[in-house]
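Student: Structure incoming, see below.
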Amino acid sequence: MAISTSAGAEVQRPLATVVIGGMLTSTLLTLVVLPVLYKMVESGKTKLKAPKLNTTVIILLFIIGGLGISGSLKAQENNLTLEQAIERAKENYPSLKVASLNVEKQKALKATAYDLGNTSIYTRKEETGNGEVGIQNQIGVAQSEIDLFGIPAKNKLNESRINLAESRLELTEQELVRNVSLAWYRALVAKKQTQLYNRLDSVYADFLRAAGLRFETQQTSKVAYLAASAKYQELMVNMKQAESEYMASLQLLNQYLMYPDGVEIADAGQEWDETIQTSYPLDSLNAVPLLNLYRQQLDVSEAEWKAEKANFLPKLDLGYSRQSVDGTSGYYGWEAGISIPLLFFSQSGKTKAARINYEMTGQQFKQRALELNASYKELLSRYRVMGEVLEYYKNEALPLADEQIEAANLGYRLGSLGYIEFIQNTESAIRTRQEYLSRLAEYFEIKEQLEYITGQ
Numbered sequence: 001m002a003i004s005t006s007a008g009a010e011v012q013r014p015l016a017t018v019v020i021g022g023m024l025t026s027t028l029l030t031l032v033v034l035p036v037l038y039k040m041v042e043s044g045k046t047k048l049k050a051p052k053l054n055t056t057v058i059i060l061l062f063i064i065g066g067l068g069i070s071g072s073l074k075a076q077e078n079n080l081t082l083e084q085a086i087e088r089a090k091e092n093y094p095s096l097k098v099a100s101l102n103v104e105k106q107k108a109l110k111a112t113a114y115d116l117g118n119t120s121i122y123t124r125k126e127e128t129g130n131g132e133v134g135i136q137n138q139i140g141v142a143q144s145e146i147d148l149f150g151i152p153a154k155n156k157l158n159e160s161r162i163n164l165a166e167s168r169l170e171l172t173e174q175e176l177v178r179n180v181s182l183a184w185y186r187a188l189v190a191k192k193q194t195q196l197y198n199r200l201d202s203v204y205a206d207f208l209r210a211a212g213l214r215f216e217t218q219q220t221s222k223v224a225y226l227a228a229s230a231k232y233q234e235l236m237v238n239m240k241q242a243e244s245e246y247m248a249s250l251q252l253l254n255q256y257l258m259y260p261d262g263v264e265i266a267d268a269g270q271e272w273d274e275t276i277q278t279s280y281p282l283d284s285l286n287a288v289p290l291l292n293l294y295r296q297q298l299d300v301s302e303a304e305w306k307a308e309k310a311n312f313l314p315k316l317d318l319g320y321s322r323q324s325v326d327g328t329s330g331y332y333g334w335e336a337g338i339s340i341p342l343l344f345f346s347q348s349g350k351t352k353a354a355r356i357n358y359e360m361t362g363q364q365f366k367q368r369a370l371e372l373n374a375s376y377k378e379l380l381s382r383y384r385v386m387g388e389v390l391e392y393y394k395n396e397a398l399p400l401a402d403e404q405i406e407a408a409n410l411g412y413r414l415g416s417l418g419y420i421e422f423i424q425n426t427e428s429a430i431r432t433r434q435e436y437l438s439r440l441a442e443y444f445e446i447k448e449q450l451e452y453i454t455g456q
């Protein structure tokens, strides 16, 4: 149990580790210390040789001890708090690395704003023939389609795409934190469910033993004993199901952490607290990462529209050549011009589409802002109510449930309660505990969604 990785074994690991430690200690006392002390008493000598141990025994002791220690160390290594799980996910999860690489990609594309056209190198001969040498362009260089006037608009577009990529990186990190937190809290609630059933194991085991003893001494009917047996078997089934759900929640959490040997979570010192600013001003939501992403998308669509409009501007053509005339060198020629499309139908269509896309993005931004504010108000209201509900469970319901279980157990053992009353009282207390865990899981989900929306 001390080296097992099952959920039930994890709950019992501290006790099992102590038991194994005691076994190892007693074995060493029996095989080493006691023979030495006996030898000292018998011989009266101060310098004694320790008795020789069988090599196989020594090897087995070290193997058993090593397994216990390595299993304990592995459990401690992957026994993560929420903060450790988040840090691990940030270091390794692929989606965050993809978002970071996208920022680098957009920065690399910034240089594409400077489109200086194409360069051509040529040689040419004119007015030759009939015995005339003519004009020869010994070498010429021409630069065509220089988009000098479109550089500012393209620069603005590339900068807005970089800002969008950075906003997406920030939001991706927040999404990862939210998902890891939800998975960790889900595992925490599942772990507490297994701990609840392990605690009830001793209660129902005592109930079954007492019912069996009463049946054997003919103090109660067989129906009471069968009811106790059925309830104990039902508890075993629920315990197995809870352990299975706990292991499934750990696998979901490890999806973000990627530990090869699995993961365990540490118990939270304080299950819940009022960490969110319940008076978070709605106006400040305009600066949260989620809305900032939509705002950057609006900026990109506006920059794309302006970049399309810049394509109406003329492009420059420049050329220079060295010439010889009638065999005499030292002449040169140059040319400069502009190029514009004769018909603007194609570019007009692209520009109009970009403008419509900008207007669509603006309306989508307004819709996202309305939805975000509505979600915030709803979650904040539920969060405050859930805080009051958990306060009730903490201060009243849970202590009463614990007293109810203890009183039912004591009353049945003393004979003041029958098996029906015992089952009814115990199940009522169990329902209270399970409802608390359900409310706790709901609280964690609301809390993480609020922190995601508000950017905390």
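In full-length UniProt numbering, the protein residues as written are 1 to 456. Don't be surprised by glycine CBs; every beta carbon is placed ideally from N, CA and C.
1) So, LEU171 versus PRO314, is the Cβ gap smaller than 8 Å?
2) Provide the residue(s) that pair with ASN79 in DSSP beta bridges, ordered along the chain.
3) Would DSSP call ASP317 helix, strand or coil?
4) By DSSP's criteria, SER339 is part of a beta bridge. Which residues make up the other side?
5) Is THR220 helix, strand or coil when you go by DSSP?
6) From what residue to what residue does the alpha helix (DSSP H) around PHE444 run?
7) Suppose contacts are defined by Cβ-Cβ distances below 8 Å. Is SER182 in contact with GLU448 by that definition?
8) Apply the 10 Å Cβ neighbour rule to ARG88 and answer buried if 16 or more other Cβ atoms are within range, or exposed otherwise.
9) Identify, in the order they occur along the chain, each residue of the same chain with its Cβ nearer than 6 Å to the Cβ of ASN163, setting aside the five sequence neighbours on each side.
10) Using CA coordinates, which residue listed in ARG199, ARG214, ILE135 and VAL103 is at the minimum distance from ARG168?
11) With a threshold of 16 other CB atoms inside 10 Å of the CB of THR328, please say whether the residue is buried or exposed.
12) May I have the straight-line CA-CA distance separating ARG439 from LEU200, to the nearest angstrom?
13) Locate the alpha helix (DSSP H) running through GLU406, then write down its first and last residues.
14) With DSSP as the reference, label TYR114 as helix, strand or coil.
15) Measuring CA to CA, which of GLU403, SER321 and THR81 is closest to ILE135?
16) Following the continuous alpha helix (DSSP H) through LYS107, name the residue where it begins and the one where it ends.
17) Do THR194 and ALA242 have their C-beta atoms within less than 8 Å of each other?
18) Near GLU245, which residues of its chain fall below 6 Å by C-beta distance, leaving aside the five closest residues on each side in sequence?
19) Bridge partners of TYR358, per DSSP?
20) May I ask you to list the residues that DSSP assigns as paired with GLU126?
21) Cα separation between LYS156 and LYS107?
22) Just to confirm, are ILE340 and LEU316 a CB contact at a threshold of 8 Å?
23) Classify LYS105 as buried or exposed, calling it buried when 16 or more other Cβ atoms lie within 10 Å of its own Cβ.
24) Are THR426 and ILE446 closer than 8 Å when you measure CB to CB?
25) Shortest alpha-carbon distance to PHE344 belongs to which of TYR256, ASN311 and SER202?
26) To which residues of the same chain is LEU417 closer than 8 Å at the C-beta, ignoring the five residues directly before and after it?
27) Give the secondary structure of LEU29 by DSSP, where H, G and I count as helix, E and B as strand, and everything else as coil.
28) Output the boundary residues of the alpha helix (DSSP H) element that contains ASN286.
29) Which residue from LYS154, LEU80 and THR81 puts its Cα closest to that of ALA111?
30) Based on the DSSP output, what are the partners of THR351 in its beta bridges?
31) Go through its chain and collect everything with a Cβ distance to GLU442's Cβ below 7 Å, but skip five positions before and after it.
32) Since LEU380 and LEU291 are thought to touch, with beta carbons under 8 Å apart, how far apart are those beta carbons, to the nearest angstrom?
33) Between GLN367, LEU342 and ASN198, which has its C-alpha nearest ASN238's C-alpha?
34) Check each candidate in LEU109, ILE146, VAL300 and ILE453 and name the one with the smallest Cα separation from ASN286.
35) Please classify TYR256: is it buried, with 16 or more other beta-carbons within 10 angstroms of its beta-carbon, or exposed?
Tutor: Per the coordinate set shown:
1) no
2) GLU264
3) In the three-state reduction of the DSSP assignment, ASP317 falls in the strand class.
4) Beta-bridge analysis with DSSP links SER339 to LYS315.
5) coil
6) 419 to 454
7) Checking the sequence, you will find Leu at residue 182 rather than Ser. For LEU182 and GLU448, yes; Cβs fall inside 8 Å.
8) buried
9) Around ASN163, the same chain offers GLN296 as residues with beta carbons nearer than 6 Å, after the five sequence neighbours per side are excluded.
10) VAL103
11) exposed
12) Rounded to whole angstroms, the separation of the alpha carbons of LEU200 and ARG439 is 20 Å.
13) Per DSSP, the unbroken alpha helix (DSSP H) holding GLU406 starts and ends at 398 to 414.
14) coil
15) SER321
16) 94 to 108
17) yes
18) Only ALA190 meet the Cβ criterion.
19) DSSP output for TYR358 lists no bridge partner at all.
20) ILE135
21) 12 Å
22) Between ILE340 and LEU316, the CB-CB gap reaches or exceeds 8 Å.
23) exposed
24) No, the Cβ-Cβ distance between THR426 and ILE446 is not below 8 Å.
25) ASN311
26) ALA408, GLY411 and ASN425
27) In this prediction, LEU29 has a pLDDT of 46, which is less than 50 and means its spatial position is unreliable; nothing more can be read from the coordinates.
28) Judged by DSSP secondary structure, ASN286 falls outside any alpha helix (DSSP H); it is assigned neither H nor E.
29) LYS154
30) In DSSP, THR351 forms no bridge with anything.
31) Excluding its 5 nearest sequence neighbours in each direction, GLU442 has C-beta neighbours in its own chain below 7 Å: MET386, listed in chain order.
32) Contact doesn't hold; Cβ gap of about 16 Å is too wide.
33) ASN198
34) ILE453
35) buried
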